[in-house]
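Undergrad:
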Amino acid sequence: SFDGSFTDVGIPDTHTIEWEFGDGSSASGTLTPMHSYSAAGVYTVTLTITDDDTGVSSAQQVVTVSGSRIYLPIILANSSTVAAPDLVVSSLTATANNVVMVVTNQGTTAVTDAFWVDVYIDPDPVPTMVNQTWPFVADEGLVWGVSGITLNPGQSLTLTMSDSYYRADLSVFSGGLSAGTPVYAQVDSARAGSDYGNVLEDHEISGGPYNNITGTMAQ
8 SFDGSFTDVG IPDTHTIEWE FGDGSSASGT LTPMHSYSAA GVYTVTLTIT DDDTGVSSAQ
68 QVVTVSGSRI YLPIILANSS TVAAPDLVVS SLTATANNVV MVVTNQGTTA VTDAFWVDVY
128 IDPDPVPTMV NQTWPFVADE GLVWGVSGIT LNPGQSLTLT MSDSYYRADL SVFSGGLSAG
188 TPVYAQVDSA RAGSDYGNVL EDHEISGGPY NNITGTMAQ
(Lines of atoms letter the chains of each structure in order from A and count residues from 1; the text may use other names and numbers.)
(Lines give C-alpha, C1' and ligand atoms only; values in the text may rest on other atoms or scores of the structure.)
Protein backbone atom coordinates (compact mmCIF):
# COMPACT_ATOMS: atom_id res chain seq x y z
CA SER A 1 0.00 0.00 0.00
CA PHE A 2 1.03 3.62 -0.53
CA ASP A 3 0.33 6.76 1.50
CA GLY A 4 0.61 10.16 -0.19
CA SER A 5 -0.07 13.70 1.00
CA PHE A 6 0.06 17.29 -0.30
CA THR A 7 -0.56 20.89 0.77
CA ASP A 8 -2.18 23.53 -1.45
CA VAL A 9 -1.61 27.07 -0.13
CA GLY A 10 -3.96 28.64 -2.67
CA ILE A 11 -7.69 29.17 -2.39
CA PRO A 12 -9.66 26.02 -1.66
CA ASP A 13 -10.24 23.98 -4.83
CA THR A 14 -10.46 20.41 -5.97
CA HIS A 15 -7.51 18.22 -6.91
CA THR A 16 -6.83 15.36 -9.27
CA ILE A 17 -4.73 12.57 -7.81
CA GLU A 18 -2.83 10.24 -10.17
CA TRP A 19 -0.50 7.37 -9.32
CA GLU A 20 1.92 5.61 -11.71
CA PHE A 21 3.41 2.48 -10.20
CA GLY A 22 6.25 1.96 -12.67
CA ASP A 23 5.02 -1.33 -14.05
CA GLY A 24 2.43 0.06 -16.44
CA SER A 25 -0.29 0.18 -13.80
CA SER A 26 -1.95 3.31 -12.42
CA ALA A 27 -4.57 4.47 -9.94
CA SER A 28 -6.42 7.72 -9.27
CA GLY A 29 -8.67 9.47 -6.80
CA THR A 30 -7.02 8.30 -3.59
CA LEU A 31 -3.91 9.08 -1.60
CA THR A 32 -3.70 5.55 -0.17
CA PRO A 33 -3.93 3.12 -3.09
CA MET A 34 -3.22 -0.61 -2.89
CA HIS A 35 -1.01 -2.21 -5.54
CA SER A 36 0.65 -5.59 -5.98
CA TYR A 37 3.63 -6.22 -8.26
CA SER A 38 3.68 -9.44 -10.26
CA ALA A 39 7.45 -9.69 -10.50
CA ALA A 40 10.49 -8.76 -8.47
CA GLY A 41 12.35 -5.65 -9.53
CA VAL A 42 12.99 -1.95 -8.93
CA TYR A 43 10.07 0.35 -9.74
CA THR A 44 9.70 4.15 -9.71
CA VAL A 45 6.35 5.21 -8.25
CA THR A 46 5.08 8.69 -9.20
CA LEU A 47 2.33 10.67 -7.44
CA THR A 48 0.97 13.65 -9.40
CA ILE A 49 -1.43 16.27 -7.96
CA THR A 50 -3.24 18.73 -10.26
CA ASP A 51 -5.52 21.49 -8.95
CA ASP A 52 -8.28 23.50 -10.61
CA ASP A 53 -5.82 26.24 -11.50
CA THR A 54 -3.77 23.67 -13.49
CA GLY A 55 -1.07 23.75 -10.88
CA VAL A 56 0.85 20.50 -10.99
CA SER A 57 3.14 18.91 -8.42
CA SER A 58 4.66 15.44 -8.44
CA ALA A 59 6.88 13.29 -6.28
CA GLN A 60 8.66 10.00 -6.90
CA GLN A 61 9.67 7.10 -4.74
CA VAL A 62 11.81 4.09 -5.76
CA VAL A 63 10.34 0.78 -4.64
CA THR A 64 12.32 -2.48 -4.56
CA VAL A 65 10.26 -5.64 -4.78
CA SER A 66 11.94 -8.90 -3.76
CA GLY A 67 10.80 -12.28 -5.07
CA SER A 68 8.82 -14.30 -2.62
CA ARG A 69 10.70 -17.23 -1.14
CA ILE A 70 9.36 -20.65 -2.05
CA TYR A 71 9.98 -23.33 0.54
CA LEU A 72 10.42 -26.74 -1.01
CA PRO A 73 9.30 -29.84 0.83
CA ILE A 74 12.06 -32.01 2.26
CA ILE A 75 11.89 -35.66 1.28
CA LEU A 76 13.75 -37.90 3.68
CA ALA A 77 14.82 -41.37 2.65
CA ASN A 78 13.74 -44.22 4.86
CA SER A 79 16.88 -45.02 6.79
CA SER A 80 15.56 -48.19 8.38
CA THR A 81 17.52 -51.37 7.73
CA VAL A 82 16.08 -53.76 5.18
CA ALA A 83 15.36 -57.16 6.71
CA ALA A 84 17.24 -59.39 4.29
CA PRO A 85 20.47 -61.39 4.02
CA ASP A 86 23.63 -59.93 2.51
CA LEU A 87 26.29 -62.29 1.21
CA VAL A 88 29.84 -61.05 0.76
CA VAL A 89 33.23 -62.61 0.12
CA SER A 90 34.91 -61.49 3.33
CA SER A 91 38.24 -63.17 2.59
CA LEU A 92 39.91 -64.47 -0.58
CA THR A 93 43.33 -66.12 -0.74
CA ALA A 94 44.93 -67.54 -3.88
CA THR A 95 48.22 -69.41 -4.02
CA ALA A 96 49.93 -71.28 -6.83
CA ASN A 97 47.65 -74.31 -6.66
CA ASN A 98 44.82 -73.44 -4.30
CA VAL A 99 42.04 -70.93 -3.67
CA VAL A 100 40.39 -70.45 -0.28
CA MET A 101 37.62 -68.00 0.49
CA VAL A 102 35.29 -67.07 3.31
CA VAL A 103 31.68 -66.20 2.54
CA THR A 104 29.85 -64.19 5.22
CA ASN A 105 26.21 -63.28 5.69
CA GLN A 106 26.40 -59.69 6.93
CA GLY A 107 22.65 -59.14 6.56
CA THR A 108 19.87 -59.26 9.14
CA THR A 109 18.12 -62.50 8.14
CA ALA A 110 19.36 -66.02 7.42
CA VAL A 111 20.37 -67.41 4.04
CA THR A 112 18.43 -70.62 3.46
CA ASP A 113 18.52 -70.81 -0.34
CA ALA A 114 21.25 -72.47 -2.36
CA PHE A 115 23.74 -70.22 -4.16
CA TRP A 116 26.64 -70.41 -6.58
CA VAL A 117 30.12 -68.99 -6.07
CA ASP A 118 32.42 -68.26 -9.03
CA VAL A 119 36.16 -67.62 -8.92
CA TYR A 120 37.78 -65.89 -11.92
CA ILE A 121 41.45 -66.42 -12.73
CA ASP A 122 43.00 -63.38 -14.43
CA PRO A 123 39.67 -62.16 -15.89
CA ASP A 124 39.45 -59.63 -18.71
CA PRO A 125 37.32 -57.67 -18.12
CA VAL A 126 36.84 -58.09 -14.40
CA PRO A 127 33.37 -59.29 -13.32
CA THR A 128 30.92 -56.60 -12.25
CA MET A 129 27.46 -58.17 -12.19
CA VAL A 130 25.34 -61.20 -11.45
CA ASN A 131 25.12 -63.94 -14.12
CA GLN A 132 28.58 -62.94 -15.37
CA THR A 133 30.04 -66.36 -14.62
CA TRP A 134 33.72 -67.09 -15.09
CA PRO A 135 33.57 -68.53 -18.67
CA PHE A 136 32.35 -65.12 -19.92
CA VAL A 137 35.47 -63.23 -18.85
CA ALA A 138 38.28 -65.72 -18.12
CA ASP A 139 40.00 -68.78 -19.54
CA GLU A 140 40.11 -70.46 -16.14
CA GLY A 141 37.81 -70.39 -13.14
CA LEU A 142 36.33 -72.35 -10.28
CA VAL A 143 32.77 -72.99 -9.11
CA TRP A 144 31.14 -73.91 -5.81
CA GLY A 145 27.50 -74.84 -5.39
CA VAL A 146 26.42 -74.24 -1.80
CA SER A 147 23.17 -75.90 -0.70
CA GLY A 148 21.56 -77.64 2.25
CA ILE A 149 22.79 -75.21 4.90
CA THR A 150 21.50 -72.19 6.79
CA LEU A 151 23.82 -69.22 7.08
CA ASN A 152 22.54 -67.02 9.89
CA PRO A 153 23.35 -63.30 10.25
CA GLY A 154 27.03 -62.94 11.11
CA GLN A 155 27.89 -66.54 10.21
CA SER A 156 30.61 -67.44 7.72
CA LEU A 157 31.40 -70.40 5.51
CA THR A 158 34.92 -71.31 4.36
CA LEU A 159 35.16 -72.76 0.85
CA THR A 160 38.15 -74.74 -0.43
CA MET A 161 38.89 -76.85 -3.47
CA SER A 162 38.68 -79.99 -1.33
CA ASP A 163 35.26 -79.46 0.24
CA SER A 164 31.96 -81.03 -0.80
CA TYR A 165 30.64 -77.82 -2.38
CA TYR A 166 33.44 -77.57 -4.95
CA ARG A 167 32.27 -78.38 -8.50
CA ALA A 168 35.25 -79.73 -10.40
CA ASP A 169 32.97 -80.56 -13.32
CA LEU A 170 32.25 -76.84 -13.83
CA SER A 171 35.78 -75.63 -13.09
CA VAL A 172 38.94 -75.24 -15.16
CA PHE A 173 42.11 -74.69 -13.14
CA SER A 174 45.54 -75.77 -14.29
CA GLY A 175 47.32 -74.47 -11.19
CA GLY A 176 50.72 -72.90 -11.15
CA LEU A 177 49.40 -69.39 -10.52
CA SER A 178 52.11 -66.77 -10.65
CA ALA A 179 52.31 -64.31 -7.79
CA GLY A 180 50.41 -61.15 -8.66
CA THR A 181 47.85 -62.88 -10.89
CA PRO A 182 44.46 -61.16 -10.44
CA VAL A 183 41.83 -63.41 -8.87
CA TYR A 184 38.21 -62.45 -8.25
CA ALA A 185 35.32 -64.18 -6.47
CA GLN A 186 31.59 -63.57 -6.72
CA VAL A 187 29.08 -65.01 -4.26
CA ASP A 188 25.50 -65.72 -5.36
CA SER A 189 26.87 -65.36 -8.85
CA ALA A 190 24.17 -66.83 -11.06
CA ARG A 191 20.63 -67.89 -11.64
CA ALA A 192 19.03 -68.06 -15.07
CA GLY A 193 16.25 -65.52 -15.51
CA SER A 194 17.12 -63.60 -12.33
CA ASP A 195 18.77 -60.20 -11.98
CA TYR A 196 19.82 -60.82 -8.38
CA GLY A 197 21.08 -64.43 -8.31
CA ASN A 198 19.29 -66.96 -6.13
CA VAL A 199 19.38 -65.02 -2.84
CA LEU A 200 17.55 -61.68 -2.73
CA GLU A 201 19.86 -59.49 -0.65
CA ASP A 202 19.31 -56.20 1.14
CA HIS A 203 21.29 -54.04 -1.29
CA GLU A 204 19.31 -55.53 -4.18
CA ILE A 205 16.06 -54.56 -2.44
CA SER A 206 17.16 -51.06 -1.43
CA GLY A 207 19.12 -50.25 -4.59
CA GLY A 208 22.47 -50.04 -2.81
CA PRO A 209 25.87 -50.77 -4.41
CA TYR A 210 26.58 -54.32 -5.56
CA ASN A 211 28.95 -55.89 -3.01
CA ASN A 212 29.07 -59.57 -4.00
CA ILE A 213 32.46 -59.40 -5.75
CA THR A 214 35.92 -59.29 -4.17
CA GLY A 215 39.33 -59.27 -5.83
CA THR A 216 42.87 -60.13 -4.76
CA MET A 217 46.30 -61.02 -6.17
CA ALA A 218 47.75 -64.51 -6.07
CA GLN A 219 50.51 -64.92 -3.50
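The sequence shown runs 8 to 226 under the working numbering. The beta carbon of each residue, even a glycine, is placed where N, CA and C say it ideally should be. Quantities reported herein were computed from a predicted structural model and do not represent experimental measurements.
(1) Let me confirm a value: V106 is counted as buried when at least 16 other C-beta atoms fall within 10 Å, else exposed. Which label applies?
(2) In its own chain, which residues sit with a C-beta less than 6 Å from the C-beta of S154, not counting the 5 before and 5 after it?
(3) Could I get the ranges of all uninterrupted beta strand (DSSP E) runs contained in the segment 112-185, with 3 residues as the minimum, in chain order?
(4) Going by beta carbon distance, what residues of the same chain come within less than 7 Å of L177, once the five residues before and after it are set aside?
(5) Does the segment 200-214 come close enough to the segment 160-172 to have 3 or more Cβ pairs within less than 8 Å?
(6) So, for V190: in the same chain, excluding its five sequence neighbours on each side, which residues have a beta-carbon less than 8 Å away from its beta-carbon?
(7) Measuring CB to CB, does F13 end up less than 8 Å from P40?
(8) Kindly give me the distance between the Cβ atoms of L94 and V118, rounded to whole angstroms, as I take these residues to be in contact under 8 Å.
(9) Compute the distance between the beta-carbons of S32 and H22, then report whether it is under 8 Å.
(10) May I ask which residues mark the beginning and end of the beta strand (DSSP E) holding D209?
(11) Let's see if you can read the secondary structure: which residues bound the beta strand (DSSP E) around D58?
(12) Could you spell out where the beta strand (DSSP E) holding T100 opens and where it closes?
(13) Which whole-angstrom value is the C-beta distance of S196 and V124, which I expect to be below 8 Å?
(14) Among the candidates S45, E147 and Q162, whose CA atom is the shortest distance from the CA of A175?
(15) Report back the beta-carbon spacing between Q193 and I156 to the nearest angstrom; my notes put them in contact at under 8 Å.
(16) Nearest-angstrom Cα distance between G29 and Y50?
(17) For the candidate residues D20, A47, S64 and Q162, whose alpha-carbon lies nearest to that of S97?
(18) Cα separation between V72 and S45?
(19) Could you tell me which of G48, A66, A47 and G62 sits nearest to E27, measuring between CA atoms?
(20) Along the chain, where does the beta strand (DSSP E) containing P189 start, and where does it finish?
(21) State the Cα-Cα distance for the pair Y217 and D209, rounded to the nearest angstrom.
(22) Got a sec? Which residues, its chain only, sit under 6 Å from F180 by beta carbon, not counting five neighbours each side?
TA: In short, the structure shows the following:
(1) Residue mapping note: residue 106 aligns to position 99 of the sequence shown, counting from 1. It is buried - the Cβ of V106 has at least 16 other Cβ atoms within 10 Å.
(2) As a first step, residue 154 is located in the sequence shown; it is residue number 147 there, counting from the start. The answer, listed in chain order, is A121.
(3) 122-128, 147-153 and 163-166
(4) In the sequence shown, the residue the question calls residue 177 occupies position 170. Same-chain partners within the cutoff: V150.
(5) no
(6) Position 183 of the sequence shown holds residue 190. Correct list, in chain order: L99, A101, V106, V126, Y127, I128, D129, L184, G222, T223, M224 and A225.
(7) Residue mapping note: residue 13 aligns to position 6 of the sequence shown, counting from 1. Residue mapping note: residue 40 aligns to position 33 of the sequence shown, counting from 1. Result no, Cβ atoms of F13 and P40 do not sit closer than 8 Å.
(8) Counting from one through the sequence shown, the residue named residue 94 turns up at place 87. Counting from one through the sequence shown, the residue named residue 118 turns up at place 111. Sure, about 6 Å apart at Cβ, within 8 Å.
(9) Position 25 of the sequence shown holds residue 32. Position 15 of the sequence shown holds residue 22. Cβ distance not < 8 Å, so S32 and H22 don't count as in contact.
(10) For the purposes of this step, residue 209 is taken as the residue at position 202 of the sequence shown. D209 -> not in any beta strand (DSSP E); alpha helix (DSSP H) instead, spanning D209 to S213.
(11) Your numbering for residue 58 matches position 51 in the sequence shown. Residues G48 to D58.
(12) In the sequence shown, the residue the question calls residue 100 occupies position 93. Where T100 is concerned, the enclosing beta strand (DSSP E) stretches over L94 to T102.
(13) As a first step, residue 196 must be located in the sequence shown, where it is residue number 189. As a first step, residue 124 must be located in the sequence shown, where it is residue number 117. Correct: roughly 6 Å between the Cβ atoms.
(14) Position 168 of the sequence shown, counted from the first residue, corresponds to residue 175. For A175, the nearest C-alpha among the options comes from E147.
(15) The sequence position of residue 193 within the sequence shown is 186, counting from 1. The sequence position of residue 156 within the sequence shown is 149, counting from 1. Going by Cβ atoms, the distance from Q193 to I156 rounds to 19 Å, so no, they are not a contact pair.
(16) If you number the sequence shown from 1, residue 29 lands on position 22. If you number the sequence shown from 1, residue 50 lands on position 43. Their Cα atoms are separated by approximately 5 Å.
(17) Counted from its first residue, the sequence shown places residue 97 at position 90. Measuring from the Cα of S97, the nearest candidate turns out to be Q162.
(18) Walking along the sequence shown from the start, residue 72 turns up at place 65. Walking along the sequence shown from the start, residue 45 turns up at place 38. Their Cα atoms are separated by approximately 9 Å.
(19) On the sequence shown, residue 27 is found 20 positions in, with the first residue counted as 1. Taking only the C-alpha atoms, the option nearest E27 is A66.
(20) As a working mapping, residue 189 is identified with position 182 in the sequence shown. Its beta strand (DSSP E) spans residues P189 to V194.
(21) For the purposes of this step, residue 217 is taken as the residue at position 210 of the sequence shown. For the purposes of this step, residue 209 is taken as the residue at position 202 of the sequence shown. Computed Cα separation, rounded: 10 Å.
(22) Locating residue 180 in the sequence shown gives position 173, counting from the first residue. Here the set comprises E147 and L149.
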